[in-house]
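**Q** This is the structure I want to talk about, given as structure tokens.
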Ligand code: MG
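Numbering (my numbering), first residue to last: 10 to 345.
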């Protein structure tokens, strides 16, 4: 274990995983050994609930397409939805720096409420702490959420099977590119913005259409599609083949990534999901996704295979192939 915590430990990539597995899971234990899920599924009487928590430290706190408030709702709502649960209730905990403008706080609070209303969840609990000026950067928000599992629903990162289609619900890297451009003071050309959005309505439509043919769902947030696919390949014990030509990236986002020297495969998304779906149902699921909000650009980007379990292989545009590893190296802190 490293001697001190570094920014890489919070990047969602290799170092984060080492910290989670090597310390948190080692000490706390796990209900699903070897598999890290987006939310815990727990029994509550005759029902099953999903339970998840997430903290938001994004910088800047206001950005094209949203702010730290909307992001905090969407992040937790989506983590509940990724187990097939219907999100119901969330709590909001805030750590605010002394001197923070009340007007900005009000904008963020209204944004939390608007996001909750759009997702159909109720904010039912909260906490406020204020720390002296200089001891925190403006505002940090934690949201915790509870959702009700649909009867018979058993979606898990471990349930991918060889043959499953890999569906991505839309363009990659919009959120990460937006935040980084804002931070670098780069003028955003083409008007792309964060994709921050609730995905629970899309998930409901997918499950209504295909039921248990939807094996795996995950939102590729920190670490991007590349890191998330690696997590899922390991959890399911399968190989994943994706095609570079099938990966959807906006032209202007690609331009910004080139400028910043970053690969869109590793940039955060906050309103996208990856789904592993039985091949026979993939076409139907895709059609349903394209009809709902935030799913218009959904597409199949590859498939699961039995060979090379745990590995993600990208077939490049020129016909060669390369291994897509987890995010490591240069961390991109405070992206969400
Ligand atoms: Mg997630």
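Built from N, CA and C at the ideal position, the CB exists for glycine as well.
Give the DSSP-derived three-state secondary structure of residue 308 in the structure shown.
**A** To locate residue 308, count along the chain shown from 1; it is residue 299. Strand at residue 308.
**Q** Mind checking if residue 324 is an interface residue toward chain B, Cβ cutoff 8 Å exclusive?
**A** Absent from the structure: chain B. Only one protein chain is present.
**Q** Within the same chain, show all residues whose beta-carbon is closer than 6 Å to that of residue 149, passing over the 5 residues directly before and after it, in chain order.
**A** One-based indexing of the chain shown puts residue 149 at position 140. Closer than 6 Å at the Cβ level, and outside the excluded window around residue 149, lie 66 and 104.
**Q** Just the residues with CB closer than 7 Å to a heavy atom of ligand 1, in chain order, which are they?
**A** For ligand 1, the selected residues are 47, 87, 88, 91, 227, 228 and 230.
**Q** Could you spell out the range, first to last residue, of the alpha helix (DSSP H) harbouring residue 236?
**A** Translated into positions along the chain shown, residue 236 becomes position 227. Residues 233 to 245.
**Q** Under three-state DSSP, which class holds residue 18?
**A** Within the chain shown, residue 18 is the residue found at index 9, counting from 1. Three-state result, residue 18: helix.
**Q** Is the number of C-beta pairs between the segment 294 to 302 and the segment 312 to 327 that are closer than 8 Å three or more?
**A** In short, these stretches do not touch, since the Cβ pair count stays below three.
**Q** In terms of alpha-carbon separation, which member of 177, 117 and 64 lies closest to residue 208?
**A** In the chain shown, the residue the question calls residue 208 occupies position 199. When only C-alpha atoms are compared, the closest one is 177.
**Q** Per DSSP, what kind of secondary structure is residue 283 in: helix, strand or coil?
**A** Counting from one through the chain shown, the residue named residue 283 turns up at place 274. In the structure shown, residue 283 sits in a strand (DSSP, three-state: E or B).
**Q** Could you tell me the distance, in whole angstroms, from the CA atom of residue 114 to the CA atom of residue 282?
**A** Taking the chain shown and counting its residues from 1, one reaches residue 114 at position 105. Taking the chain shown and counting its residues from 1, one reaches residue 282 at position 273. Rounded to whole angstroms, residue 114 to residue 282 spans 30 Å at the Cα level.
**Q** Does the beta-carbon distance from residue 170 to residue 224 come in below 8 Å?
**A** One-based indexing of the chain shown puts residue 170 at position 161. One-based indexing of the chain shown puts residue 224 at position 215. Yes.
**Q** Residue 154 lies in the beta strand (DSSP E); which residues open and close that run?
**A** Reading the chain shown from its first residue, position 145 is the one you call residue 154. Residues 148 to 158.
**Q** What residue range does the beta strand (DSSP E) around residue 30 cover?
**A** Here residue 30 refers to the residue found at position 21 when the chain shown is read from its first residue. That residue, residue 30, is in no beta strand (DSSP E); it is neither H nor E in DSSP.
**Q** Return the residue from the list 86, 184 and 305 that minimises the CA-CA distance to residue 126.
**A** Residue numbering aside, residue 126 sits at position 117 when the chain shown is read from its first letter. Of the candidates 86, 184 and 305, the one whose C-alpha sits nearest the C-alpha of residue 126 is 86.
**Q** Counting along the chain, where does the alpha helix (DSSP H) carrying residue 335 start and finish?
**A** Position 326 of the chain shown, counted from the first residue, corresponds to residue 335. Counting along the chain, residue 335 falls outside any alpha helix (DSSP H), and DSSP gives it neither H nor E.
**Q** Whole angstroms is fine: what's the gap from residue 135's alpha carbon to residue 124's?
**A** On the chain shown, position 126 is the one that residue 135 refers to. On the chain shown, position 115 is the one that residue 124 refers to. If you take the alpha carbons of residue 135 and residue 124, they lie about 16 Å apart.
**Q** Quick check: the Cα distance between residue 200 and residue 192, rounded to an integer number of angstroms?
**A** Within the chain shown, the letter at position 191 stands for residue 200. Within the chain shown, the letter at position 183 stands for residue 192. Distance between the alpha carbons of residue 200 and residue 192 is about 16 Å.
**Q** With DSSP run on the structure shown, which of helix, strand or coil describes residue 2?
**A** Here the chain covers residues 10 to 345 and nothing more, so residue 2 does not appear.
**Q** Kindly give me the distance between the Cβ atoms of residue 181 and residue 258, rounded to whole angstroms, as I take these residues to be in contact under 8 Å.
**A** As a working note, residue 181 is residue 172 in the chain shown. As a working note, residue 258 is residue 249 in the chain shown. With 8 Å as the limit, residue 181 and residue 258 qualify as a contact, their Cβ atoms being about 5 Å apart.
**Q** Do you know how far the Cα of residue 235 is from the Cα of residue 137?
**A** Here residue 137 is taken as the residue at index 128 of the chain shown, counted from 1. Here residue 235 is taken as the residue at index 226 of the chain shown, counted from 1. If you take the alpha carbons of residue 137 and residue 235, they lie about 36 Å apart.
**Q** Thinking C-beta only, is residue 89 closer than 8 Å to residue 156?
**A** Numbered from its first residue, the chain shown carries residue 156 at position 147. Numbered from its first residue, the chain shown carries residue 89 at position 80. Yes. Within cutoff.
**Q** Short of 8 Å in beta carbon distance, which residues of its chain neighbour residue 337, apart from the five on each side in sequence? Order them along the chain.
**A** As a working mapping, residue 337 is identified with position 328 in the chain shown. Counting only Cβ-Cβ distances below 8 Å, and skipping sequence neighbours, we find 17, 22, 23 and 24.
**Q** In three-state DSSP terms, what is residue 273?
**A** On the chain shown, residue 273 is found 264 positions in, with the first residue counted as 1. The answer is helix: DSSP assigns residue 273 an H, G or I state.
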